[in-house]
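First up is the structure itself, then whatever we jot down about it.
Numbering (our numbering), first residue to last: 21 to 644.
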């Protein structure tokens, strides 16, 4: 679709919304979205990909099994500390932390960075918890190098994201906090330096900002990675109401921490990379401050009207295939936000108009994490969003015209409402060529266990296998006890830590040791990984789009910073090839527009592609 066609479509939809009274009013939302849903369904049925396969009994066989190897890998000492263990007084104690799988030393093996938090009381200044960095020893084990790397830091850590902001060949790290963000420059020698002040990223306003999910994104396509940071709630714990004080502080008769309902939201931030190691705050002129939160914390006991973003998980990707990255924010208790890139340095918030802000009934949900992938292999990136307990997840199918449709029930995902979802990913776990869905879960109130409710504080994960026909089946119980073992999980990152050709999962568990779920893929399916290295584009190749074709089957994926729940996935893109021994075509569209194609690429290898230089090497991986 051309930009002109996209603009005309957006304008016509906007006029339609105004005629119905939806813009500025939530009254007719369910009627509107159901109408859009029906139109989308008709469009999708007439545009089904030729490669889509029919469901059969064989499709329900699980081709993967997970084993938690965190303890034997040496991660057992990385205890997460985040608020009270048995009771939480403040909203800040509930959100938890993110995790990153990235190769900080460029040795070809994924290392693990884990954000940590703190407590309001019970911890001495000498024993404050710290973040963790574990170096991959290439034998299934890891070594704690946090202090050596210069990453010891305490505070209310939230999320993390990765990207080479200065294009020196080493990926840098951002950690978000309640009260600020920290930019760590990767020195290329195994150490990092805090360059937050030097880079102009200090937050010196009168109120402490609650920074949550972040992502690097080259929104203006100048070859330098910019930084987007979501904000959750404008919170001062000392001035917040007490548990049980009003209707927004009670849950099924329990007195619980208040919020986010009843409180003012945060305001999102966009920092532009000047290309000299410094950043400029362009939030206002870029349009990402819509909706704007209050300048000071507010709290009401009834008749709450949302003010601000309430953002948690974020991602940036080219959702309308116009070559420019858009930004999506999962928001809690309010409509989620879709910032469409106008290609002139500005964004327009179009979530409600495009159909990816609410559920299919026009209701705002408690958005937490966000995953991106093309689940039906039609060439357009879709969105999966995790939500609060007693709600379904969302599966926003990309209709290919700039709009989305919540296909969660049609796809068979609207079945597990007892879970409170956080980290999420769309990844091909059995290498059959179709992205599956993995979700990490856990409640926010430890006291729910005292009431014997329909929900529990610690919960198992959920895994859905893609049947290749637009639907999924719940295979959780068949994927091993590591998946069903209950934790109150938060951040979740996906990547092949042992380089054996399948996607593994790293998970932060609140006030516990982490989980490292090794994927013991049971299928004999083949695969291909693609690592992109930018030259004119940003060095991390964030925003590069890769298409892999085998026979009549075509898959796409995009190099993304951030996503899931405040976490960072492997930058290497993973494609299952099923039984194909080669990819007939591998196509790379670089962020600045260059298109490179390669034919007859052998399976079961890591393909390293450099912008303008083509394939510079292939690396074979060995199975365990």
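All residues carry an ideal CB built from backbone N, CA and C; glycine is no exception. These numbers come from a predicted model, not from an experiment.
Query, Result
"beta-carbon residue 530 near the ligand NAD non-hydrogen atom, thresh 8 Å", "The ligand NAD is not part of the structure shown, which contains no ligands of any sort."
"Exposed unless 16 or more other CB atoms sit within 10 angstroms - verdict on residue 403", "buried"
"Simplified DSSP assignment, three categories, for residue 579", "coil"
"Exposure of residue 304, with buried meaning 16 or more beta-carbon neighbours within 10 Å", "exposed"
"Alpha-carbon spacing of residue 384 relative to residue 619, whole angstroms", "45 Å"
"DSSP bridge partner residues for residue 651 (one or two, in chain order)", "Not covered by the structure: residue 651. The range shown for the chain is 21 to 644."
"Simplified DSSP assignment, three categories, for residue 615", "strand"
"Proximity below 9 Å, CB of residue 495 to CB of residue 483", "yes"
"Anticipated Cβ contact below 8 Å, residue 530 with residue 462, distance rounded", "6 Å"
"Contacting residues, own chain, Cβ-Cβ under 8 Å from residue 437 (five flanking each side not counted)", "409, 410, 411 and 412"
"Reduced DSSP category for residue 218 - H, G, I as helix; E, B as strand; rest coil", "helix"
"Sequence-distant residues of the same chain with beta carbon closer than 8 Å to residue 473, five excluded per side", "272"
"Helix, strand or coil at residue 587 [DSSP, three-state]", "coil"
"Expected contact under 8 Å - CB spacing of residue 290 and residue 308 to nearest Å", "5 Å"
"C-beta contact flag for residue 337 and residue 578 at 9 Å", "yes"
"Whole beta strand (DSSP E) elements within the region 81-109, 3-residue minimum", "86-88"
"Cross-strand partners of residue 447 (DSSP beta bridge)", "456"
"Residue 305, DSSP secondary structure in three states", "helix"
"Contact between the region 555-572 and the region 200-211 (3+ Cβ pairs under 8 Å)", "no"
"Same chain, Cβ closer than 6 Å to residue 575, neighbours up to 5 away in sequence not counted", "397, 568 and 595"
"Residue 163, buried or exposed, once every other Cβ within 10 Å from all chains shown has been counted against 16", "exposed"
"Rounded distance between the beta-carbons of residue 486 and residue 454, thought under 8 Å", "4 Å"
"Buried or exposed by the 16-neighbour rule on C-beta atoms within 10 Å, applied to residue 21", "For residue 21, the predicted model reports a pLDDT of 39, less than 50, meaning its position is unreliable and no value from the coordinates is stated."
"Cβ neighbours of residue 68 in the same chain (closer than 7 Å, five flanking residues each side left out)", "Low confidence applies to residue 68: its pLDDT is 41, below 50, so where it sits in the model is not reliable, and the reading given next is rough at best. Nothing meets the Cβ criterion."
"Environment of residue 259 [buried if 16+ CB atoms lie within 10 Å]", "exposed"
"Sequence ranges, alpha helix (DSSP H) only - wholly within the region 213-258, length at least 4", "216-219"
"Range of the contiguous beta strand (DSSP E) that encloses residue 605", "602-609"
"Residue 325 classed as buried or exposed, judged by whether at least 16 other C-beta atoms fall within 10 angstroms", "exposed"
"Three CB pairs or more closer than 8 Å across the region 231-243 and the region 165-183", "yes"
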